[in-house]
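By this note's numbering, the letter at position 44 of the sequence shown is numbered 44, and the numbering carries on one by one without gaps.
We put the beta carbon where it would ideally sit given N, CA and C, even for glycine.
The structure appears below as structure tokens.
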Amino acid sequence: MVDLSCILLAGGKSTRMGSDKRILKFSGRSFLEIAFDNARQLSEDVVVSLGYAGQTTQEFKGATVVFDDLKERGPLFALKTALSSCKSEYTAILPLDAPMLNIEIYSRMLDEIEGRADVDAVIPGSYKGAEPLYGVYRTASFLSATRRATEEGFQRVQDAINRLDNVVRMDLEEFRGVDPKLLSFHNVNTPFDLERLKETIDG
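Dropping the structure here:
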């Protein structure tokens with residue numbers, strides 16, 4: 001079994017949504033409640049990344065809460081801070097804004113790591129691009145990569161990934177066995193995204 005920590009990225013500004021995504025309701029529960037429950041199912045070592053202290057809206061029982069070193073600089077800086085608190089050999093990243101996320105997608109990624117000592121990351125994606133904020137990473141390697149990327153003036157998560165030696169790419173189609181409609185990868189960034197997701201489920 002892979003030794004796993006989990007980072008929940010919950011510090012975004014929700015600019016396109018127009019309101020705080022963390023408190024949006026989906027099927028009677030907030031996005032934050034859904035995402036935190038998913039994280040707890042994946043790992044006992046959960047690190048919740050918030051933008052600043054005022055963003056705390058609930059007690060994250062048993063989790064470590066960290067705040068961005070540089071507020072509003074984006075997920076790369078948030079990850080650098082959060083990874084420093086992760087205790088396991090590997091770390092899974094969970095987005096806040098995917099309320100239909102099926103944690104079995106992480107089991108598929110962990111299958112790619114099991115028994116291999118050379119894998120630095122497993123990242124899902126498609127012809128449209130990678131989904132690095134759903135990936136599983138070797139904690140020490142990715143922490144080092146985020147530090148080097150930020151020290152060199154870069155701000156994108158991909159800039160850190162480019163500094164990893166062995167990255168396994170998984171096509172989204174490989175996840176249909178556990179998530180037939182790939183709803184795990186439906187991110188809600190705008191009110192339209194939320195309505196479209198609800199219509200997809202109802203349909």
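Is Tyr127 helix, strand or coil by DSSP? Working through the sequence shown from its first residue, we reach residue 127 at position 127. Tyr127 falls in the coil class under three-state DSSP.
So, helix, strand or coil for Ser85, using DSSP? Here residue 85 refers to the residue found at position 85 when the sequence shown is read from its first residue. Correct three-state label for Ser85: coil.
Val65 beta carbon less than 9 Å from that of Ile93: On the sequence shown, residue 93 is found 93 positions in, with the first residue counted as 1. On the sequence shown, residue 65 is found 65 positions in, with the first residue counted as 1. The answer is no: Cβ separation not under 9 Å.
Only counting runs of 4 or more residues, tell me where the alpha helix (DSSP H) segments fall wholly within the region 117 to 185, in order along the chain. Taking only runs of at least 4 residues, the alpha helix (DSSP H) segments lying wholly in the region 117 to 185 are 139 to 151 and 157 to 161.
Assigned secondary structure, Pro95 (DSSP; H/G/I helix, E/B strand, else coil): As a first step, residue 95 is located in the sequence shown; it is residue number 95 there, counting from the start. It is a strand residue.
Under the three-state DSSP convention, the category Leu197 falls into: For the purposes of this step, residue 197 is taken as residue 197 along the sequence shown, with counting starting at 1. Looking at Leu197 - three-state DSSP - the assignment turns out to be helix.
Inspect the beta-carbon positions of Ala149 and Leu96 and report whether they are closer than 9 Å. In the sequence shown, counting from the first residue as 1, residue 149 sits at position 149. In the sequence shown, counting from the first residue as 1, residue 96 sits at position 96. The answer is no: Cβ separation not under 9 Å.
Taking its Cβ as the centre, do 16 or more other Cβ atoms sit within 10 Å of Tyr134, making it buried, or is it exposed? Your numbering for residue 134 matches position 134 in the sequence shown. Buried.
Can you tell me where the alpha helix (DSSP H) with Ile34 in it begins and where it stops? Taking the sequence shown and counting its residues from 1, one reaches residue 34 at position 34. The continuous alpha helix (DSSP H) containing Ile34 extends over residues Phe31 to Leu42.
Assigned secondary structure, Lys61 (DSSP; H/G/I helix, E/B strand, else coil): If you number the sequence shown from 1, residue 61 lands on position 61. Judged by DSSP in its simplified three-state form, Lys61 adopts coil rather than helix or strand.
Suppose the cutoff is 7 Å on Cβ atoms and the five residues either side in sequence are ignored; what does the same chain contact list for Asp118 look like? The sequence position of residue 118 within the sequence shown is 118, counting from 1. Counting only residues of its own chain and dropping the five nearest sequence neighbours on each side, Asp118 has a CB closer than 7 Å to the CB of Asn166.
When the Cα atoms are used, what is the spatial distance from Ala145 to His186? Along the sequence shown, one-based indexing puts residue 145 at 145. Along the sequence shown, one-based indexing puts residue 186 at 186. Rounded to the nearest angstrom, the gap between the Cα atoms of Ala145 and His186 is 27 Å.
Let me check one thing: in DSSP terms, what residues is Lys25 bridge-paired to? In the sequence shown, the residue the question calls residue 25 occupies position 25. In the DSSP output, where bridge partners are listed per residue, Lys25 has Ser30.
Under the rule that 16 or more other beta-carbon atoms within 10 Å means buried, what is Arg138, buried or exposed? Position 138 of the sequence shown, counting from 1, holds the residue named residue 138. When all chains shown are included, Arg138 counts as buried.
Mind checking which residues open and close the beta strand (DSSP E) that includes Leu4? Within the sequence shown, residue 4 is the residue found at index 4, counting from 1. In the DSSP annotation of this structure, the continuous segment of the beta strand (DSSP E) that includes Leu4 starts and ends at Leu4 to Leu9.
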